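Asker:
In my numbering, the protein residues as written are 1 to 850.
#1: Rank 661, 665, 653 by C-alpha distance to the C-alpha of residue 673 and give the top, closest one.
#2: Name the DSSP beta bridge partners of residue 412, please?
#3: Given a threshold of 16 other Cβ atoms within 10 Å of its Cβ, counted over all protein chains shown, does residue 662 qualify as buried or as exposed?
#4: If you draw a straight line from the C-alpha of residue 302 to the C-alpha of residue 221, how long is it?
#5: Whole angstroms are fine: how far does the CA of residue 707 sit from the CA of residue 677?
#6: Can you tell me whether residue 858 is buried or exposed, with buried defined as 16 or more other CB within 10 angstroms of its CB?
#7: Output yes if chain C places a C-beta closer than 8 angstroms to the C-beta of residue 496; else output no.
#8: Residue 187 to residue 165, Cα distance in whole Å?
#9: Of all the options 78, 312, 849, 716, which has the alpha carbon lying nearest to the alpha carbon of residue 774?
#10: Measure how close the beta-carbons of residue 127 and residue 161 come, nearest whole angstrom, since I'm counting them as under 8 angstroms.
#11: Compare the beta carbon distance of residue 886 and residue 435 with 8 angstroms and say whether it is the shorter of the two.
#12: Can you tell me the Cα-Cα spacing of residue 582 and residue 614, whole angstroms?
#13: Within the same chain, show all residues whose beta-carbon is closer than 7 angstroms to that of residue 381, passing over the 5 residues directly before and after it, in chain order.
#14: Do you know whose CA, among 65, 54, 24, lies nearest residue 43's CA?
#15: Assuming contact is defined by CB atoms lying nearer than 8 angstroms, are residue 835 and residue 768 in contact in what I supplied?
#16: Let me check one thing: in DSSP terms, what residues is residue 428 bridge-paired to?
#17: Between residue 157 and residue 41, which are expected to be in contact by the criterion C-beta below 8 angstroms, what is the C-beta distance as a whole number of angstroms?
#18: I need the DSSP call for residue 807, collapsed to helix, strand or coil.
#19: Taking residue 738 as the reference, which of 336, 846, 568 has the closest Cα?
#20: DSSP on residue 129, reduced to helix/strand/coil?
#21: Short of 8 angstroms in beta carbon distance, which residues of its chain neighbour residue 592, apart from the five on each side in sequence? Order them along the chain.
#22: By the DSSP assignment, the beta strand (DSSP E) with residue 491 in it spans what residues?
#23: Per DSSP, what kind of secondary structure is residue 309 in: helix, strand or coil?
#24: Would residue 322 be called buried (16 or more neighbouring beta carbons within 10 Å of its own) or exposed?
#25: Would you give the residue range spanned by the alpha helix (DSSP H) that residue 718 belongs to?
#26: Would you report the Cα separation of residue 523 and residue 410, rounded to the nearest angstrom?
#27: Is it buried or exposed for residue 262, if we count other Cβ within 10 angstroms and need 16 for buried?
#28: Can you give me the C-alpha to C-alpha distance between residue 340 and residue 68, rounded to a whole angstrom?
#29: What separation, rounded to the nearest whole angstrom, lies between the Cα atoms of residue 624 and residue 617?
#30: Taking residue 358 as the reference, give the member of 96, 412, 371 with the closest Cα.
#31: Have a look at residue 731 and residue 703 and give me their C-alpha separation to the nearest angstrom.
#32: Roughly how many angstroms separate the alpha carbons of residue 398 and residue 431, rounded to a whole number?
#33: Can you give the Cα-Cα distance for residue 799 and residue 749, rounded to whole angstroms?
#34: Helix, strand or coil for residue 348, going by three-state DSSP, please let me know.
#35: Less than 8 angstroms between C-beta atoms, sequence neighbours within five positions excluded: which residues of the same chain meet that for residue 421?
#36: So is residue 783 buried or exposed if we call it buried at 16+ other beta carbons inside 10 Å?
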């Protein structure tokens, strides 16, 4: 550029001269092609930028941006104006994620997402313009290869412009000064320097071409002789030192593309058509499949004859793989039933698939560019901060269950998986979120939870009422449980007891309301509403009983009585016994309509069935209890009535026995009769004790005595009457002081010794041990007899229970141990047995020490 032009750089002629200068650079078209191929961007240009103009000098447009050489943009709408002012290059990988330019007017106006512009400075340091490229899609531009290539290209452009300027100045000087020889020498020198610079520039261009995975080729139209760079030969697997024919090249190309390439070559040479095609090849040595892009241009001699068809081949395997991956990923994303969203680390949405539109009700255009908080409830905004913090730290968030909201405000249960998005340098630049709607799953889980809770209540109720034999307790537990299960405001059980008029029912239990709420009203009557329940016709469930045709039409009431509990939702379930008789009905109410559903019917029906069984058992238990009471009353009365005549018989026999001579043969019979009467007296006494125990009238007369003396006296007495067994006593020398009923404790010891002798036939030893253990007095009686089976050891202390394998040949009523156990229990002690079949038994009892 001449000094004159510099003084008027905005003049139309000056701008045109700049455009011509750029287009005189032989490598400009190749340079712009390299830019597009290397970056994958669709538009590249060399722009002349002045104080008030932006003019395209040379353009490569693959995206129909619409700008041609000489075309202008309004300077204020470009980023190049800012570069002219700052002198600093601008590189944007993704506008939406770039803090500095995401809201800039230029990307929004021209619709691009990736951008790179590097300033071109002339040799004297003045600003010429920019080498720039744009594309509507994001691109990886922040790499040493891309930035280095752009800087190299701007240096080459600057070098060529300076060379042309110098040549132009030299030619002008030669004309004006008429110093032909001297200036010719100067011109030749400058031309030599320019050629050297051009050579250097071409070397740098070749370096850039190789850096961009490119190679050059050329075909002679007349001979079809092929010339290609080493890069292309290595790409195809051809030897570097051999000439390669067109046929060999075609053989390495994918069969599906061979005819296309043959047609392109024919059209180029015969019809003079340039070419640009992408196709796959197979390296003939490694058999590796690669994708290439081949561009071809036609060149003519001075006579207009075609003399060269040449161009470039670029290895686009990686780009193709990326495109395939992106296409597959895009297909997966769009076909996914899950919402897939990407966002910046600031939370701005950058992508939004079709499922996200359906799930959150925001269209893609409504969501992209907005903050992710548009779908987050206010009370969960803190979650986003925590998630982004994890993503910044390169952590993945898996299956995070939360709640999000739709455009209409509906809340959704979601499972989120959030992964970091990284750039080529591995830096986290955003987050990808997969949101799965688990609302139905949560509903199912809630239903399962409800079922589990209800089942637990049912099991608890079943166990509780089956273990209870009191009718009032059973019905109260059933009423409370079913009121809770149904969510009723109140529930009640009415017993099906008919009055003399045949129409009243008795309130038995109530839950959720005070009893006074019912007691001031008359009992329910045999009306159309209640009749199906008390007749056992089935379950009655009404969403609003006040609107039911059967309700409120019975005198003296019309509708709901004043002060009555507010019943709108109504549920009634009959409770029927095994015999088919209706025991009563469970009734439930709520002040809101439609509170009871089919599930509630089934739940209450299940509990009612369990309750019916428990009530039948309670009824049977009550009947057995009444029979036992009558039996105990009979035993007590009979024992008392038998005692007087038996005592009289014993007295008469004693008188007769004393009146008989010593040698009277009847005396032996009298003695045997007295022994049987004594047994009968003992039996009657035991029966009287049982009667006293059952009525709670067994008296205990406490006194202090030495247990060791009692044991000695009893063992000596028992030893005289039972000579078949040796009774051994084991206790210390110190007295064993005890405050208890002396007679009853003696009764226990005698009973245990008697049983030990009775159930140990064929043995000759009984061991009695006494002492103080843990501040309690313990006595044990051990025999070496037949023993007791484990499953009967707890039952032998029950009233009238006898060990099964002994009942046939051992006499007794099974009340001795029962009496002993009750005596010890009433002394606040305990009694137990340890036994093994065939090895004997040891009976223990403990009572508190003084």
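Think of the CB as a built atom: it goes at the ideal place given N, C-alpha and C, for glycine as much as any other residue.
These figures come from a predicted structure and were not determined experimentally.
Answerer: Per the coordinate set shown:
#1: If you number the chain shown from 1, residue 673 lands on position 673. It is 653.
#2: Residue numbering aside, residue 412 sits at position 412 when the chain shown is read from its first letter. According to DSSP, residue 412 bridges with 404.
#3: Walking along the chain shown from the start, residue 662 turns up at place 662. Classification of residue 662: exposed, given that the 10 Å Cβ count is below 16.
#4: Stepping through the chain shown from its first residue, residue 302 is reached at position 302. Stepping through the chain shown from its first residue, residue 221 is reached at position 221. Going from the Cα of residue 302 to the Cα of residue 221 covers about 16 angstroms.
#5: For this step, residue 677 is matched to residue 677 along the chain shown. For this step, residue 707 is matched to residue 707 along the chain shown. Cα-Cα distance, rounded: 30 angstroms.
#6: For the chain, the structure presents residues 1 to 850; residue 858 sits outside this window and is missing.
#7: Considering every chain present, this structure includes no chain C. It has just one protein chain.
#8: The residue labelled residue 187 in the question sits at position 187 within the chain shown. The residue labelled residue 165 in the question sits at position 165 within the chain shown. The predicted position of residue 187 is uncertain, since its pLDDT is 49 and thus under 50; no value can be drawn from it.
#9: Sequence index remark: in the chain shown, residue 774 carries index 774 (1-based). When only C-alpha atoms are compared, the closest one is 849.
#10: For the purposes of this step, residue 127 is taken as the residue at position 127 of the chain shown. For the purposes of this step, residue 161 is taken as the residue at position 161 of the chain shown. Actually they are not in contact, since the Cβ atoms of residue 127 and residue 161 sit about 12 angstroms apart, beyond 8 angstroms.
#11: The chain is shown only over 1 to 850; residue 886 falls outside these bounds and no answer can be derived.
#12: Position 582 of the chain shown holds residue 582. Position 614 of the chain shown holds residue 614. Rounded to whole angstroms, residue 582 to residue 614 spans 14 angstroms at the Cα level.
#13: In the chain shown, counting from the first residue as 1, residue 381 sits at position 381. Taken in chain order, the residues that qualify are 373.
#14: Taking the chain shown and counting its residues from 1, one reaches residue 43 at position 43. Considering only alpha carbons, the answer is 65.
#15: Walking along the chain shown from the start, residue 835 turns up at place 835. Walking along the chain shown from the start, residue 768 turns up at place 768. No. Outside cutoff.
#16: Locating residue 428 in the chain shown gives position 428, counting from the first residue. Answer is 422.
#17: The residue you call residue 157 lines up with position 157 of the chain shown. The residue you call residue 41 lines up with position 41 of the chain shown. Actually they are not in contact, since the Cβ atoms of residue 157 and residue 41 sit about 18 angstroms apart, beyond 8 angstroms.
#18: One-based indexing of the chain shown puts residue 807 at position 807. Because residue 807 carries a pLDDT of 42, less than 50, the predicted location of this residue cannot be relied on, and the following value inherits that uncertainty. Of the three classes helix, strand and coil, the one that applies to residue 807 here is coil, per DSSP.
#19: Here residue 738 refers to the residue found at position 738 of the chain shown. It is 846 whose Cα lies nearest to the Cα of residue 738.
#20: In the chain shown, the residue the question calls residue 129 occupies position 129. Looking at residue 129 - three-state DSSP - the assignment turns out to be strand.
#21: Residue 592 sits at position 592 when you count from the first residue of the chain shown. Correct list, in chain order: 568, 569.
#22: Position 491 of the chain shown, counted from the first residue, corresponds to residue 491. That run of the beta strand (DSSP E) goes 490-495.
#23: Working through the chain shown from its first residue, we reach residue 309 at position 309. Looking at residue 309 - three-state DSSP - the assignment turns out to be strand.
#24: Along the chain shown, read from residue 1 onward, the residue named residue 322 stands at position 322. When all chains shown are included, residue 322 counts as exposed.
#25: Taking the first residue of the chain shown as 1, we reach residue 718 at position 718. Here the alpha helix (DSSP H) through residue 718 covers 707-721.
#26: Residue mapping note: residue 523 aligns to position 523 of the chain shown, counting from 1. Residue mapping note: residue 410 aligns to position 410 of the chain shown, counting from 1. Caution is warranted here: a pLDDT of 49 is assigned to residue 523, below 50, making its placement in the model unreliable, and no coordinate value can be reported.
#27: As a working note, residue 262 is residue 262 in the chain shown. The residue in question, residue 262, is exposed, as its Cβ has fewer than 16 Cβ neighbours within 10 Å.
#28: Here residue 340 refers to the residue found at position 340 when the chain shown is read from its first residue. Here residue 68 refers to the residue found at position 68 when the chain shown is read from its first residue. Cα to Cα, residue 340 sits roughly 40 angstroms from residue 68.
#29: Here residue 624 refers to the residue found at position 624 of the chain shown. Here residue 617 refers to the residue found at position 617 of the chain shown. Computed Cα separation, rounded: 10 angstroms.
#30: Taking the first residue of the chain shown as position 1, residue 358 is located at position 358. Ranking the options by Cα distance to residue 358, first place goes to 412.
#31: Translated into positions along the chain shown, residue 731 becomes position 731. Translated into positions along the chain shown, residue 703 becomes position 703. Taking the straight line joining both Cα atoms gives about 21 angstroms.
#32: In the chain shown, the residue the question calls residue 398 occupies position 398. In the chain shown, the residue the question calls residue 431 occupies position 431. Whole-angstrom Cα-Cα distance: 13 angstroms.
#33: Along the chain shown, one-based indexing puts residue 799 at 799. Along the chain shown, one-based indexing puts residue 749 at 749. Using only the alpha carbons, I get a separation of about 18 angstroms.
#34: Along the chain shown, one-based indexing puts residue 348 at 348. Correct three-state label for residue 348: strand.
#35: In the chain shown, residue 421 corresponds to position 421, counting from 1. Closer than 8 angstroms at Cβ, skipping near neighbours: 342, 428, 429, 430, 431, 432.
#36: Along the chain shown, one-based indexing puts residue 783 at 783. The residue in question, residue 783, is buried, as its Cβ has 16 or more Cβ neighbours within 10 Å.
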